[in-house]
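What follows is a set of notes on a single structure, which appears directly below.
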Amino acid sequence: MHERHGTADRGGTVWVLVITSVAAFMAALDNLVVTTALPSIRESLGGGLEELEWTVNAYTLTFAVLLMLGAALGDRYGRRRLFMAGLAVFTAASAAAALSPGIEELIAFRAVQGVGAAIMMPLTLTLIGHTVPPERRGAALGVFGAVTGVAVAGGPLIGGALTEHISWQWIFWLNVPIGLVLLPLARLRLTESYAPKAPLDIRGTVLVSAGLFGIVYALVNTASHGWTSPLVLTGLIAGTALLGLFVRHGLRAENPMLPMRLFRGRAFLGINAASLLMFFGMFGSIFLLSQFLQNGLGHSPTEAGLRMLPWTAMPILVAPLAGHLSDRFGGRPVVVTGLALQAVGLALFALIVEPGVGYPVQLPALIIGGVGMAMYFAPAASLVLSSVRPAEQGIASGANNALREVGGALGVSVLAAVFAAQGGYGSPRLFADGTMPALWIGAGAVALGALVALLIPGRRGVGRPTPEPAAPGPVEPERGRPGQEPRAVAA
């Protein structure tokens, strides 16, 4: 078969694109698919706000902190082999999550799902880049991006529809037949490739994992233990100390998973800080709003997902226009405008959050927030890649995706802590009272992201690698084994 020898005819290209896009769809979908199912999960398995937070954060945290390690493992031990291993883990963990007898087991299997996604997802773009010829690569990446965008947009709706019409377990069962079909296809249709000298930063992975877990664990427990309790203070202090050691490691280690020197560039610092703040506000707000539409307004899970579509699906409609604007005026003004609009959308929602609020009143906030999200997403990836040398683009992409997931986990934790301090699940009135100040925090975080994005130097022609700083020379892929390519990291 041609694919086995590193060449790709048109049929091989299609197979690679189908396999990687569907796998990426599953992993991206599971970021938000659970949000509209949270009230049903709470009713079925019990648990309070803390446990519901962990059903989201267990996935995003393991996904974030292991993503770059997964890319390095694929480079070293075979990208097809590790892609299949990650897909197998993700599929098995999805089945186990569906069979969970209690909330603790569900949280544990969600964490295992994140491990599988962290191994699988970074290798999708690398496999496309290795197999698809350069003249067709742009179109392939466009299809890949559209598929993952649909997954993010459709997460709340798909989760709501499955929960209402079948059961919440089917948001996880959905992955199982897809994974079982993809595994043999990946074995037959994907080409193996390596970068055998890819460094593995085990120490950095342990430091960032333990540090983030400590901080998120402390934030999740503030509602039940209080901010000054020994448990919360220990988690915050220990987690912060470990992250400090991770930064020190990134400054001194020879091959760290996240080289801190990259943050010396204004462009890299600006887009990554803005991305973290964007996902902080967006994920935390979706976590609460998807429940508010059900607990506060009495909608069914499907109705809640449908009502969120003007926000979550707007990127599908607006992203092409936003991409055109970024090509014409540069990425910075488009990203800044998008973040500002997302902040306005959240602020408008905070102003109108009341029991019984009508959907026409909600619609402007949803549309403005959705347009803002689209204007952020369209040029963000190009800004990340153009902020570093070509040889560092894989690391830069992985770092950006990891920081976005970290921002989402922290956003859920912080906004839920604000919600618990000001309201609760007792009644629609109480739920609205807790949601309103949390949304203001989310809006403020995204607005701060807009200000931070002003650090990005103004450029034209976003999406083409910037010559500054200049690369020392042509970068050749290591040729230790046949079919080897430079790595790329995606999420």
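In terms of this note's numbering, the sequence shown opens at residue 8 and continues consecutively. The beta carbon of each residue, even a glycine, is placed where N, CA and C say it ideally should be. Values in this document were obtained by computation on a predicted structure and should not be read as measured data.
Beta-carbon contacts of residue i that lie in its chain and below 7 Å, excluding the five residues immediately before and after
i: Leu346; result: Ala281, Met285, Gly379, Tyr383, Val453, Gly456, Ala457 and Ala460
i: Ile110; result: Leu52, Gly53, Gly54 and Glu58
i: Leu189; result: Ile26, Val29, Ala30 and Leu94
i: Thr229; result: Val239 and Ala424
Residue i, DSSP secondary structure in three states
i: Ser51; result: helix
i: Ile463; result: coil
i: Asn279; result: helix
i: Ser434; result: coil
i: Trp175; result: coil
i: Met315; result: coil
i: Gly362; result: In the sequence under discussion, the amino acid at residue 362 is Pro, which differs from the Gly named in the question. If DSSP states are grouped into helix, strand and coil, Pro362 belongs with coil.
i: Asn228; result: coil
i: Trp234; result: coil
i: Ala320; result: coil
i: Pro206; result: coil
i: Asn64; result: helix
i: Met128; result: coil
i: Ser107; result: coil
i: Arg396; result: coil
Buried versus exposed, by CB contacts within 10 Å (16 or more), residue i
i: Pro367; result: exposed
i: Leu24; result: buried
i: Ala118; result: buried
i: Glu261; result: exposed
i: Ser107; result: buried
i: Arg335; result: exposed
i: Pro184; result: exposed
i: Ser404; result: buried
i: Leu422; result: buried
i: Ser231; result: exposed
i: Pro386; result: buried
i: Leu249; result: buried
i: Ser209; result: In the sequence on display, residue 209 carries Ile and not Ser. It is exposed - the Cβ of Ile209 has fewer than 16 other Cβ atoms within 10 Å.
i: Leu36; result: buried
i: Gly465; result: exposed
i: Arg87; result: buried
i: Leu296; result: buried
Below-9 Å beta-carbon distance, residue i vs any chain C residue
i: Gln429; result: Judged by its chain identifiers, the structure shown contains no chain C, having just a single protein chain.
Pairwise C-alpha distance: residue j and residue i
i: Gly55; j: Gly431; result: 10 Å
i: Gly451; j: Leu358; result: 14 Å
i: Ala449; j: Phe287; result: According to the sequence provided, residue 449 is Gly. The question's Ala does not apply to it. Going by the C-alpha atoms only, they are around 7 Å apart.
i: Leu207; j: Phe253; result: 15 Å
i: Leu283; j: Gly211; result: 19 Å
i: Leu187; j: Val364; result: 44 Å
i: Thr473; j: Phe270; result: Note that Thr473 scores a pLDDT of 40, beneath 50, so its modelled location is shaky; the value from the coordinates is reported in the next line. Going from the Cα of Thr473 to the Cα of Phe270 covers about 16 Å.
i: Val360; j: Leu313; result: 18 Å
i: Arg494; j: Phe438; result: At Arg494 the pLDDT is 44, less than 50, meaning the model places this residue with poor confidence; the figure from the coordinates comes in the next sentence. Spanning the two alpha carbons is a distance of roughly 46 Å.
i: Arg339; j: Gly277; result: 10 Å
i: Val223; j: Gly121; result: 16 Å
i: Phe70; j: Ala124; result: 6 Å
i: Phe275; j: Gly251; result: 20 Å
i: Thr319; j: Leu417; result: 20 Å
i: Leu392; j: Ala350; result: 25 Å
i: Val139; j: Trp22; result: 10 Å
i: Gly330; j: Asn407; result: 19 Å
i: Val469; j: Ala381; result: Residue placement at Val469 is poorly supported in this model, since its pLDDT is 39, which falls under 50; the coordinates still yield a value, given next. Between Val469 and Ala381, the C-alpha separation is close to 16 Å.
i: Leu353; j: Leu192; result: 43 Å
i: Val425; j: Gly291; result: 11 Å
i: Val215; j: Gly414; result: 14 Å
i: Pro435; j: Val343; result: 35 Å
i: Trp180; j: Met267; result: 40 Å
i: Met91; j: Ala34; result: 14 Å
i: Ser333; j: Ser389; result: 10 Å
i: Gly162; j: Asp440; result: 26 Å
i: Leu462; j: Pro317; result: 30 Å
i: Leu370; j: Leu258; result: 46 Å
i: Asp82; j: Thr198; result: 13 Å
i: Thr235; j: Ala102; result: 39 Å
Contact set for residue i: own chain, Cβ-Cβ below 6 Å, skip 5 residues either direction
i: Leu80; result: Leu89
i: Phe356; result: Ala372 and Leu446
i: Gln301; result: Pro46 and Ala311
i: Phe151; result: Ser28
8 Å Cβ shell around residue i - same chain, five flanking residues per side excluded
i: Ala409; result: Ala71, Val72, Leu74, Met75, Leu265 and Ala498
i: Ala225; result: Leu238, Val239, Leu240, Thr241, Gly242, Leu243 and Gly246
i: Gly77; result: Leu89, Gly93, Ala125, Ile126, Met127, Met128, Pro129 and Leu130
i: Phe299; result: Val360, Phe438, Ala439 and Thr442
Heavy atom of the ligand MG within 8 Å of residue i beta-carbon
i: Thr241; result: As far as ligands go, the structure on display features none, and thus does not contain the ligand MG.
Count Cβ pairs between the region 110 to 118 and the region 128 to 142 that sit closer than 8 Å; are there 3 or more?
Because the criterion of three Cβ pairs below 8 Å is not met, the region 110 to 118 and the region 128 to 142 do not touch.
Looking at C-beta atoms only, is the number of pairs between the region 42 to 51 and the region 156 to 170 that lie closer than 8 Å three or more?
Yes: at least three Cβ pairs fall under 8 Å.
Cβ pair count under 8 Å reaching 3, the region 173 to 180 against the region 61 to 71
In this structure the region 173 to 180 does not lie against the region 61 to 71, because fewer than three pairs of beta carbons, one per stretch, are closer than 8 Å.
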